[in-house]
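Have a look at the structure below before the remarks.
Protein chains: 2
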Amino acid sequence: MIIELFPEDAMSSTDLTRDSELTPVGSLHEVLAAVADPVRLEMVRRLSRTDEPVACGALYDGISKSTASHHFKTLREAGVVQRIVIGGNTHQRLRRDDVEAAYPGVLESVIRAAD
Amino acid sequence: MIIELFPEDAMSSTDLTRDSELTPVGSLHEVLAAVADPVRLEMVRRLSRTDEPVACGALYDGISKSTASHHFKTLREAGVVQRIVIGGNTHQRLRRDDVEAAYPGVLESVIRAAD
DNA sequence: GGAATAGTTCGATGATCATCGAACTTGGGT
DNA sequence: ACCCAAGTTCGATGATCATCGAACTATTCC
Numbered sequence: 305m306i307i308e309l310f311p312e313d314a315m316s317s318t319d320l321t322r323d324s325e326l327t328p329v330g331s332l333h334e335v336l337a338a339v340a341d342p343v344r345l346e347m348v349r350r351l352s353r354t355d356e357p358v359a360c361g362a363l364y365d366g367i368s369k370s371t372a373s374h375h376f377k378t379l380r381e382a383g384v385v386q387r388i389v390i391g392g393n394t395h396q397r398l399r400r401d402d403v404e405a406a407y408p409g410v411l412e413s414v415i416r417a418a419d
Numbered sequence: 305m306i307i308e309l310f311p312e313d314a315m316s317s318t319d320l321t322r323d324s325e326l327t328p329v330g331s332l333h334e335v336l337a338a339v340a341d342p343v344r345l346e347m348v349r350r351l352s353r354t355d356e357p358v359a360c361g362a363l364y365d366g367i368s369k370s371t372a373s374h375h376f377k378t379l380r381e382a383g384v385v386q387r388i389v390i391g392g393n394t395h396q397r398l399r400r401d402d403v404e405a406a407y408p409g410v411l412e413s414v415i416r417a418a419d
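Keeping their order, the protein sequence lines are chains A and B. Take any residue in the first sequence, note its place counting from 1, add 304, and you have its number in my numbering. Take any residue in the second sequence, note its place counting from 1, add 304, and you have its number in my numbering.
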C-alpha cells in the first residue's frame with residue numbers, strides 16, 4: 305500500500321510524488337470563512353470524529369463531486385485539512401494540532417459547538 | 305440621560321421605545337459568518353477591549369456610514385452585539401456572555417486570535 | 001490493455017453580499 | 001424653530017462564491 309502526502313498548493317496532475325511539506329495555516333479570516341460554510345463545517349465535524357484520514361466520499365451528502373472537491377480545496381488552502389492518498393484513494397485529514405497552534409481554541413470550540 | 309435598548313429585529317424608526325428583550329444568539333453558521341468578515345471582526349475586536357457599550361463611530365475606519373450600519377445589522381442579527389442608545393447616540397455592546405453560553409469558547413478564542 | 005471508479009479542473013450560472021451615495025429620520029443644541 | 005450630527009434604509013453595482021455538468025486524469029481491477 306502506498307501513502308502519498310500532498311503539499312497544499314503544489315498539486316498538479318503530473319506531480320504526485322512530492323514530500324509532505326505542509327502549507328502554513330491560513331489567516332484567521334481564511335480559517336473562519338472556511339468553517340463558516342455549512343457544508344464545510346459538516347466535513348470538519350465528520351473529520352473530527354476520528355484522528356485518522358477519512359475517505360472523501362464519507363464527508364458529504366447531497367452535493368456533486370465537483371462541489372465537494374471545491375470545498376476540500378477551500379479547506380486545504382485555509383490549512384484546515386490535508387490531502388492524503390492511501391492506496392490510490394484520496395482521504396482528508398484534519399490538521400487539528402496545526403490550527404490549534406495557530407489559533408488556540410478556535411477550531412476545538414467550533415467543533416464542540418457543531419456537535 | 306436616557307438609555308434605550310432595542311430588541312434586535314423589531315427596529316423601526318417609529319418604534320423606539322420597546323423594552324429590552326434580546327434576540328437569541330443566532331445559529332453557529334450565522335455567528336461564524338458574522339465574525340469571519342474582516343470589517344466585522346475588527347468591530348468585535350474593538351468592542352472586546354471594554355465591557356462598556358462603544359459608540360458606533362469608534363468601531364470602524366475607512367468605510368462609509370451605510371456600510372458600517374450594514375455590518376452592525378449583520379452582527380446584531382447573529383446575536384453578537386446589541387444596540388444601545390445613550391443620550392441620543394447609538395452604541396454597540398458585545399454580547400459576550402450570551403454568545404459564550406450558546407457556543408462556549410468560540411467568541412473568546414476568536415477574539416484572542418484576532419489580537 | 002480496457003473498463004470502472006475516484007477526484008480534479010474548467011466554464012457557466014445564480015445567489016449572496018460588501019460597498020457606496022442619496023434620501024430619510026431622529027435627537028440635541030443654538 | 002432651525003440646523004447639524006448620527007444612523008438607518010434603499011437601490012444599484014461589482015465581486016465573490018456555491019453549485020453543477022462535462023471533460024480530463026489517475027488508479028485499481030479484470
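Every residue gets a Cβ at the ideal spot worked out from N, C-alpha and C, and that includes glycine. This one's a predicted model, so the numbers in the text were calculated from it and none came from an experiment.
So, are the CB atoms of residue i and residue j less than 8 angstroms apart?
i: Arg399 of chain A; j: Gly409 of chain A; result: no
i: Pro328 of chain A; j: His333 of chain B; result: no
i: Gln396 of chain A; j: Val358 of chain A; result: yes
i: Val335 of chain A; j: Ile415 of chain A; result: no
i: Leu351 of chain A; j: Ala418 of chain A; result: no
i: Val385 of chain A; j: Phe376 of chain A; result: yes
Considering only residues of the same chain and omitting the five flanking positions on each side of residue i, which have a CB-CB separation below 6 angstroms?
i: Gly330 of chain A; result: Ala382 and Gly383
i: Cys360 of chain A; result: Thr394
i: Thr378 of chain A; result: Ala338
i: Ala406 of chain A; result: Val329
i: Asp402 of chain A; result: Val329
i: Ala372 of chain B; result: Tyr364
To which residues of the same chain is residue i closer than 8 angstroms at the C-beta, ignoring the five residues directly before and after it?
i: Asp365 of chain A; result: none
Can you pull the chain A neighbours of residue i, defined as C-beta to C-beta under 8 angstroms?
i: Leu332 of chain B; result: Leu345, Val414, Ala417 and Ala418
Given that residue i touches chain A, what residues does it touch there, using C-beta distances under 7 angstroms?
i: Ala340 of chain B; result: His333, Leu336, Ala337 and Ala340
i: Tyr277 of chain B; result: Any question about residue 277 of chain B goes unanswered here, given that chain B covers just 305 to 419.
What is the DSSP secondary structure of residue i, counted as helix, strand or coil?
i: Arg349 of chain B; result: helix
i: Thr394 of chain A; result: strand
i: Ala359 of chain A; result: strand
i: Arg249 of chain B; result: There is simply no residue 249 of chain B to check, as chain B begins at 305 and stops at 419 in what is shown.
i: Ile367 of chain B; result: coil
i: Glu384 of chain A; result: Residue 384 of chain A is actually Val in this sequence, not Glu. It is coil, neither helix nor strand.
i: Val343 of chain B; result: helix
i: Val329 of chain A; result: coil
If we count the other Cβ atoms within 10 Å of its Cβ and call it buried at 16 or more, is residue i buried or exposed?
i: Ser413 of chain B; result: buried
i: Ala362 of chain A; result: exposed
i: Arg353 of chain A; result: exposed
Kindly list, in the order they appear in chain A, the residues whose Cβ is closer than 9 angstroms to that of residue i.
i: Val410 of chain B; result: Gly409, Val410, Ser413, Val414, Arg416 and Ala417
In chain order, what residues of the same chain have a beta carbon less than 7 angstroms from the beta carbon of residue i, not counting five sequence neighbours either side?
i: Ile367 of chain B; result: Val343
i: Leu411 of chain A; result: Arg400, Val403 and Glu404
Is residue i near the ligand MN - that is, is its Cβ less than 7 angstroms away from at least one heavy atom of it?
i: Val329 of chain A; result: Questions concerning the ligand MN fall outside what the structure shown contains, since it holds no ligand whatsoever.
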